[in-house]
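Undergrad: Pasting in a structure now, in structure tokens, and then I'll have a few things to ask.
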Amino acid sequence: MEGSPEIPRGEQHQPIGVYLAVWGLLFVLSALSYLLDYFKVEPIGLRRFLITAFAFLKAGLIVAYFMHLRFERVGLVYAILLPPLLLVALVAILLPEGQYVATVRRLFLGGP
Amino acid sequence: MEEKGLRQPRFLARLAGEWSGDLAAFRVVWAKAMMWIFLVSDSFIFGSFLAGYAAARLAATEPWPDPGKVFALHLGEREVPLLLIAIMTVVLISSSGTMAIAVYHAYHRRKGHTALFLLLTALLGLTFVSMQAFEWTHLIRDLGFRPWGNPMGAPQFGSSFFMLTGFHGLHVTAGVIYLLAVASRVLKGVYDRAGSYVGVEVAGLYWHFVDLVWVFIFAFFYLF
């Protein structure tokens, strides 16, 4: 076993410029998302795709740099990033379910 | 990791090596590992809320109210869509930035700077919660939104909105209290005596997570 209870990581000395650059990028991406909605960019599919893409990009920046996950040990990184992938399954189940409920409601309760 | 014949991908070999460390798989201070485990479980709560919101919205037969109109603010004569939400987003991103700088100063063990930026972060968080309180008041009192219905369309809007933003606002409120406690520990020299400022970094993880959740609420509830 290499290394007894040594605690090496956790204090990475990144230059402050990295934080400021990420901070600026987060502002730019948020502003772009807001403008996409403000000008109602068409088609709506493209707008929603870009808003989703920007959201995941922002999330990646926050997790990688602000939360330092890029600089953690790979064991910790995978322990954190893999479990939330289960949510993809939840979403994949719930989206068709929602559409199904809407169809049934229209069929039996009337409505548009 | 001496079996050269096996030719595994590099990260698999590293993953196996680190997980087989028996007692200290992650080799970070326990507080950090515990905070990460809490945040992963919290991401499931918010992920489930967002997935539930998506299902409720898809199942709605009445038209979904346009968030741009619901959350519009009047600037003189003009109606600016989502203005308050945009300002709240700017405030929360700024607080994440000041938190990152607080952690940066904590690495360099600058007591005064760390406490200053922690207090600034808490102040921005408080601003965010205040604006959210204003938003809720406006929505409930002036526009007549309720968890079970509203005058602008699908009744599911209210329940999704109050649950998502309410739970997020609760996290911000808890975060402000947490940051104030950590700032007071910094000023009292607790971390100096312990020889480690990792407590500030752990608080930072929590705060950045709150910002992370807002990214998705902003994208999927307000802009979609």
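For the protein sequence lines, the chains are R and S, in the order given.
Numbering-wise, the working numbering comes out as the position in the first sequence, counting from 1, plus 557.
One point on numbering: in the working numbering, the residue at position 46 of the second sequence is 39, and numbering is uninterrupted.
Just so you know, even glycine gets a beta-carbon here, dropped at the ideal spot from N, CA and C.
Are the Cβ atoms of ALA99(S) and TYR190(S) separated by less than 8 Å?
TA: Their beta carbons are under 8 Å apart, which means ALA99(S) touches TYR190(S) by this criterion.
Undergrad: For the segment 573 to 597 of chain R, which residues have a beta carbon sitting closer than 8 Å to at least one beta carbon of chain S?
TA: Against chain S - using a Cβ distance shorter than 8 Å - the residues of the segment 573 to 597 of chain R are ILE573, TYR576, LEU577, VAL579, TRP580, LEU583, PHE584, SER587, SER590, TYR591, LEU593, ASP594, TYR595.
Undergrad: Does the beta-carbon distance from TYR622(R) to TYR97(S) come in below 8 Å?
TA: No, the Cβ-Cβ distance between TYR622(R) and TYR97(S) is not below 8 Å.
Undergrad: Step through the CB atoms of chain A and report whether any lies within less than 8 Å of the CB of TYR97(S).
TA: Looking for chain A here will not work: the only protein chains present are R and S.
Undergrad: Spatial neighbours of ALA65(S) within its chain, please: CB distance less than 8 Å, with the 5 preceding and 5 following residues excluded, ordered by chain position.
TA: Excluding residues within five positions, the ones whose Cβ falls inside 8 Å are GLU72, VAL73, PRO74, LEU75, LEU76.
Undergrad: Might you give, ordered along the chain, the residues of its own chain that have their beta carbon closer than 8 Å to the beta carbon of HIS161(S), omitting 5 neighbours on each side?
TA: So the qualifying residues of the chain are PHE39, VAL203, VAL206, TRP207, ILE210.
Undergrad: Starting from VAL22(S) and walking both ways along the beta strand (DSSP E), at which residues does that stretch end?
TA: First-last for VAL22(S): undefined, no H or E at that position.
Undergrad: Express the C-alpha separation of TRP23(S) and ARG7(S) in angstroms, rounding to a whole number.
TA: C-alpha separation (whole angstroms): 21 Å.
Undergrad: Determine which residues share a DSSP beta bridge with GLY182(S) and list them.
TA: DSSP, once it has assigned bridges, lists no residue as partnering GLY182(S).
Undergrad: Run the CB neighbour count on MET27(S), radius 10 Å, all protein chains shown included, and call it buried at 16 or more, exposed below.
TA: Classification for MET27(S): exposed.
Undergrad: Listed in chain order, which residues of the segment 37 to 64 of chain S have Cβ atoms closer than 9 Å to some Cβ of chain R?
TA: Listed by position along the chain: PHE37, GLY40, SER41, LEU43, ALA44, GLY45, ALA47, ALA48, ALA49, ARG50, LEU51, ALA52, ALA53, THR54, GLU55, PRO56, PRO60, GLY61.
Undergrad: Please classify GLU72(S): does DSSP put it in a helix, a strand, or coil?
TA: Strand at GLU72(S).
Undergrad: Could you give the first and the last residue of the continuous alpha helix (DSSP H) run that contains GLU128(S)?
TA: First-last of the alpha helix (DSSP H) with GLU128(S): 104 to 130.
Undergrad: Measure the CB-CB distance between LEU589(R) and PHE611(R) and report whether it falls below 8 Å.
TA: In this structure, PHE611(R) lies closer than 8 Å to LEU589(R) by Cβ.
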